[in-house]
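Okay, structure first, notes after.
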Amino acid sequence: LTQGQARVLRPAPGVRKLVGFDPQSADELLVLMDSVAKPLAALSLKTAAITALAYDASAPEQQRLLGQIRAQDRVSGKTSVSVQTERRQGLSRAIEWTAIFVRQGNEPARNVSGDEGVNCSQPAISHDTRLVVFVKADH
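Counting with our numbering, you get residues 1262 to 1400 for the letters of the sequence shown.
Structure follows, in structure tokens:
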């Protein structure tokens, strides 16, 4: 979040959503998978290994947790990350896309996703608030 350039890390087949960094390992992200039986997994940023996590679909507290994970906004301390819709007028119609914004403390939110017109989603923020990862759609 120190004005670094966005870069592509690696594809992650089967991953539906990036959720957040593991507090014990900055290399691992909690991810939401396409699988109904095993919806949560740990994704290694270094190796791309995906390790399924235990999930009990009959447990109400785990159902609530999964509902929160499916939401888009993230907060860590005084830093928040959100998905916002951007708009501009094209030649014949309005053009819309989603962008990733970070707000640190009382500072104004800033767009960290960059490209105008490219949809971005699924932000995750590291516990030390130094890193944000998100999915950027292909052009």
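Heads up, the beta-carbon is just placed ideally off N, CA and C, and yes, glycines get one too.
Subject >> With 16 other Cβ atoms within 10 Å as the buried cut-off, status of ILE1409 >> reply: Residue 1409 falls outside the range modelled here, since the chain spans only 1262 to 1400, and no answer is possible.
Original post:
VAL1344 and PRO1384: beta carbons closer than 8 Å?
Top reply: What you label residue 1344 is simply residue 83 of the sequence shown in a count that begins at 1. What you label residue 1384 is simply residue 123 of the sequence shown in a count that begins at 1. Cβ atoms of VAL1344 and PRO1384: closer than 8 Å.
Original post:
Any idea which residues DSSP pairs GLN1350 with across the strands?
Top reply: In the sequence shown, counting from the first residue as 1, residue 1350 sits at position 89. Looking at the DSSP output, GLN1350 bridges to ALA1355.
Subject >> Coil, strand or helix - GLU1322 by DSSP >> reply: In the sequence shown, the residue the question calls residue 1322 occupies position 61. DSSP, reduced to helix, strand and coil, places GLU1322 within a helical segment of the structure shown.
Original post:
First and last residue of the beta strand (DSSP E) that includes ALA1289?
Top reply: Translated into the one-based positions of the sequence shown, residue 1289 becomes position 28. One point to set straight first is that residue 1289 is Glu, not Ala, in the sequence displayed. 1286–1294 is the span of the beta strand (DSSP E), which, as asked, contains GLU1289.
**OP:** Helix, strand or coil for LEU1301, going by three-state DSSP, please let me know.
**Re:** Taking the sequence shown and counting its residues from 1, the one referred to as residue 1301 is at position 40. Three-state result, LEU1301: strand.
**OP:** Please go through the same chain and pick out, in chain order, the residues whose beta-carbon is closer than 6 Å to the beta-carbon of ALA1355, but skip the five residues on each side of it.
**Re:** Translated into positions along the sequence shown, residue 1355 becomes position 94. Hits under 6 Å: ARG1348.
Original post:
How would you label SER1353, buried or exposed, when you count the other beta carbons within 10 angstroms and need 16 or more for buried?
Top reply: For the purposes of this step, residue 1353 is taken as residue 92 along the sequence shown, with counting starting at 1. The residue is exposed, with fewer than 16 neighbouring Cβ atoms inside 10 Å.
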